[in-house]
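Step one of this worksheet: look at the structure below.
Numbering (the numbering used here), first residue to last: 132 to 318.
Next up, the structure:
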């Protein structure tokens, strides 16, 4: 089985499991606020999470299923499933063995906090997707991250990721270390 098929399998299995458990309406925490921000393109509490509101509005308009809370809950589930499947690919691209990549995906999917936040309208699934995309960029541009294409990909990732959640900066030191570790040898 190819790695992409495994990634799609991870996506569909997690999505199907989450769909059975997903909240049908507003849940605890900030889910009502995020659903309202997506429905009306308004501002949630600081730092406003504009990327989540824009994605929520787009997804909710394209797929008008149920109320806005349900649509945003569904968006969070889709983003979480995409995060897991891309985590599989990122682990492999970073040099991890298949059993380690599978264990990483399984442990994350089974984590109660991750599973809960993937079922309600929250920004954390998009935040994880941003972090995983950063890993994929590091792997794709290994040794040439400061090339024009690599720097553009890094800048786009960081700009969009910070448009969702400012705590993406907390993972940036690990990315800087990995960039330094993968730097090309001096000629």
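Heads up, the beta-carbon is just placed ideally off N, CA and C, and yes, glycines get one too.
Could you tell me the distance, in whole angstroms, from the CA atom of residue 244 to the CA atom of residue 145? Your numbering for residue 244 matches position 113 in the chain shown. Your numbering for residue 145 matches position 14 in the chain shown. Just so you know, the alpha carbons of residue 244 and residue 145 end up roughly 15 Å apart.
Sorted by chain position, which residues of the same chain lie with C-beta nearer than 8 Å to residue 191's C-beta, five sequence neighbours on each side aside? Translated into the one-based positions of the chain shown, residue 191 becomes position 60. Same-chain partners within the cutoff: 169, 170, 199, 202, 203 and 206.
Could you give the uninterrupted runs of the alpha helix (DSSP H) lying entirely in the region 200 to 234, keeping only those of 4 residues or more? Here no run is fully enclosed.
Sub-8 Å separation of residue 270 and residue 221 beta-carbons: Start at 1 with the first residue of the chain shown, and residue 270 comes out as number 139. Start at 1 with the first residue of the chain shown, and residue 221 comes out as number 90. Yes; because the gap between Cβ atoms is below 8 Å, this pair is in contact.
Tell me which residues share the same chain as residue 280 and place their Cβ nearer than 8 Å to its Cβ, disregarding the 5 neighbours each side in the sequence. On the chain shown, residue 280 is found 149 positions in, with the first residue counted as 1. Residues 272 of the same chain have their beta carbon placed closer than 8 Å to that of residue 280, with the five preceding and five following residues left out of the count.
Cβ neighbour criterion (16 or more within 10 Å) applied to residue 217: By 1-based counting over the chain shown, the position of residue 217 is 86. Here residue 217 is buried, its C-beta having at least 16 other C-beta atoms within 10 Å.
contact_flag[the region 252 to 265, the region 294 to 302] where n(CB pairs < 8 Å) is 3 or more: With the cut-off at 8 Å, the region 252 to 265 and the region 294 to 302 touch.
Inter-residue Cα distance where the pair is residue 184 and residue 172: Position 53 of the chain shown, counted from the first residue, corresponds to residue 184. Position 41 of the chain shown, counted from the first residue, corresponds to residue 172. When the Cα atoms are used, residue 184 and residue 172 turn out to be separated by approximately 6 Å.
Outcome for residue 268 when other beta-carbon atoms lying within 10 angstroms are tallied against a minimum of 16: In the chain shown, counting from the first residue as 1, residue 268 sits at position 137. Around the beta carbon of residue 268, a 10 Å sphere encloses 16 or more other beta carbons of the protein chains shown; the residue is thus reported as buried.
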